[in-house]
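Colleague: First residue of the sequence shown? That's 1 in UniProt numbering, and the numbers climb one at a time after it.
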Amino acid sequence: MVTADQKDGSPPVAAAAGWAIRGALPVDAEAIALVHADSWRRTYRGMMSDTYLDGDVVSERLSVWRQRMTAPRGDQRVWIASTASDLLGFICVFADEDPRRGVYVENLHVRHDAQGSGLGTALLQTAAAWTNAEQPRKGLWLWVMEANHSARRFYQRLGGVETDRTMLGDPAGGSAPNLRCCWPDVQPILDKDHPGELRPGCHPQPSEGMGGHVRGN
Ligand SMILES: CC(C)(COP(=O)(O)OP(=O)(O)OC[C@H]1O[C@@H](n2cnc3c(N)ncnc32)[C@H](O)[C@@H]1OP(=O)(O)O)[C@@H](O)C(=O)NCCC(=O)NCCS
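1. Tell me the rounded alpha-carbon separation between Gly102 and Ala84.
2. Output needed for Tyr104: all residues of its chain with C-beta closer than 7 Å, excluding positions within five of it in sequence on either side, in chain order.
3. If you drop the 5 nearest sequence neighbours on each side, which residues of the same chain put their C-beta closer than 7 Å to that of Phe154?
4. If you reduce the DSSP assignment to three classes, tell me which class residue 248 lands in.
5. Could you tell me the alpha carbon to alpha carbon distance between Ala29 and Phe90, rounded to whole angstroms?
6. Please determine, among Ala114, Asp56, Val27, the residue with the shortest C-alpha to C-alpha distance to residue 230.
7. With a floor of 3 residues, list each beta strand (DSSP E) that falls wholly inside the region 32-58, ordered by position along the chain.
8. By the 10 Å Cβ neighbour count, where 16 or more other Cβ atoms means buried, how is Gly212 classified, buried or exposed?
9. Excluding the 5 residues flanking Asp185 on each side, which residues of the same chain have their C-beta closer than 8 Å to its C-beta?
So, in structure tokens, the structure goes:
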């Protein structure tokens with residue numbers, strides 16, 4: 001369970017064996033972009049164009065994250081899950097994207113070798129706790145690709161309800177069916193227990209630097 005007193009850059013709101021969650025700082029932009037690009041390559045194969053995923057996704061994500069972390073929208077909040085040396089996951093929300101529906105989750109990604117350890121749940125709980133504290137009585141919502149079955153199951157286990165389907169464009173210039181997943185009340189997210197420890201066999205490696213090769217599939 002996480003508490004709601006998080007402000008960007010403040011002490012961690014959730015901590016478990018080996019990792020903790022805190023507000024992202026400008027210095028985190030590069031590590032977030034690398035995790036994001038790698039996650040897209042692994043998760044969206046077959047959902048986005050191969051040419052795009054095999055191309056320079058890292059540069060594109062770096063430019064997005066440098067912009068977001070140096071000149072953020074006023075309604076943007078980003079939290080990261082990390083060990084002392086490694087960024088393992090992140091969540092980015094925009095509070096004012098669609099005020100009728102609540103806080104919009106733009107991105108949620110956990111590094112492939114840390115998945116299944118409760119980090120995704122803890123990151124969503126951090127956003128839910130912030131929503132309760134800062135936007136009382138508002139919900140959460142997001143778009144998930146129809147073909148992303150494991151993410152859809154993850155959201156459904158946390159009480160998310162798929163309300164509508166539409167074709168959405170992607171940065172690769174294509175489009176794909178997406179489902180809107182909504183939590184009119186974030187309490188089911190906050191009520192969910194998560195393991196809180198990196199699962200056996202998860203041995204996160206140091207993050208790769210700017211010149212490093214980001215693994216594809
Ligand atoms: C979807 C995602 C954010 C979930 O984060 P996560 O840290 O893996 O999820 P958690 O560990 O908190 O919980 C996931 C659930 O699936 C299980 N699970 C997920 N991945 C698992 C794995 N690799 N091994 C074992 N169990 C796994 C967990 O046991 C848990 O089940 P439960 O809720 O019944 O206990 C993460 O898998 C991810 O980044 N996926 C790729 C990117 C993506 O699709 N993002 C969403 C875009 S809309």
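Even for Gly, the Cβ is constructed at its ideal location relative to N, Cα and C.
Modeller: With the structure as the only source:
1. 33 Å
2. Val93, Phe94, Glu97, Asp98, Trp141, Leu142
3. Gly120
4. Outside the shown range of the chain, which is 1 to 217, sits residue 248, and nothing can be said about it.
5. 11 Å
6. Because residue 230 is not part of the residues shown, which for the chain are 1 to 217, the question remains open.
7. none
8. In this prediction, Gly212 scores a pLDDT of 24, lower than 50, which makes its location untrustworthy; the coordinate-derived value is nonetheless stated afterwards. Its Cβ having fewer than 16 others within 10 Å, Gly212 is exposed.
9. Gly139
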